[in-house]
Ligand SMILES: [Zn+2]
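Numbering (my numbering), first residue to last: 1025 to 1192.
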């Protein structure tokens, strides 16, 4: 029997790296985190990317300047993305954030029904998608998001470390 003629997978041209969209998104989130640091806020940045890869929103931490304990980067990014898409549900969207979301933000991401949460560095103090809790993958809840951790983790945590060092 003759085997079907299967084409070899296409490879990137030699000398060219295939860029990982997750890293590109994280770089945009990192730029947001830098804006937070510049205004004295804990440097966390977040973006929401739509189903076809378009950037729906970008935001950074603003609880101090907004006098709003809920003004975390993720909450602000989810709000903007929902407004922009005219839908309170962000089906097929991805939330990209520099630091592991806290319980509030992980809960908001589940409510928003994002498909995927991509984050940089773990947060041993409030991390709620992998470290302390696993809200986005808790089978008792009615929606789950796929979680990807460790994207540009070193850059993300270095920004935090630098921020807290400068405030001491
Ligand atoms: Zn949060």
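Think of the CB as a built atom: it goes at the ideal place given N, C-alpha and C, for glycine as much as any other residue.
Look at the alpha carbon of residue i and the alpha carbon of residue j, and state the distance between them as a whole number of angstroms.
{"i": "residue 1106", "j": "residue 1114", "result": "7 Å"}
{"i": "residue 1155", "j": "residue 1055", "result": "24 Å"}
{"i": "residue 1046", "j": "residue 1185", "result": "23 Å"}
{"i": "residue 1124", "j": "residue 1117", "result": "17 Å"}
{"i": "residue 1171", "j": "residue 1073", "result": "15 Å"}
{"i": "residue 1146", "j": "residue 1104", "result": "25 Å"}
Please confirm whether any heavy atom of ligand 1 lies closer than 7 Å to the CB of residue i.
{"i": "residue 1180", "result": "no"}
{"i": "residue 1125", "result": "yes"}
{"i": "residue 1084", "result": "no"}
{"i": "residue 1065", "result": "no"}
{"i": "residue 1128", "result": "yes"}
{"i": "residue 1140", "result": "no"}
Counting only the same chain and skipping the five closest in sequence on each side, list residues whose C-beta sits under 6 Å from that of residue i.
{"i": "residue 1183", "result": "1057, 1067"}
{"i": "residue 1173", "result": "1143, 1154"}
{"i": "residue 1126", "result": "1150, 1152"}
{"i": "residue 1033", "result": "Note that residue 1033 scores a pLDDT of 47, beneath 50, so its modelled location is shaky; the value from the coordinates is reported in the next line. Closer than 6 Å at Cβ, skipping near neighbours: no residue."}
I need the boundaries of the alpha helix (DSSP H) containing residue i, first residue and last residue.
{"i": "residue 1131", "result": "1127-1136"}
{"i": "residue 1177", "result": "1177-1191"}
With a CB to CB cut of under 8 Å and the five nearest residues on each side skipped, what residues in its chain are close to residue i?
{"i": "residue 1108", "result": "1080, 1081"}
Suppose the cutoff is 7 Å on Cβ atoms and the five residues either side in sequence are ignored; what does the same chain contact list for residue i look like?
{"i": "residue 1088", "result": "1064, 1065"}
{"i": "residue 1169", "result": "1133, 1134, 1138, 1139, 1140, 1141, 1160"}
Only counting runs of 4 or more residues, tell me where the alpha helix (DSSP H) segments fall wholly within the region 1043-1116, in order along the chain. 1045-1062, 1087-1090, 1097-1109
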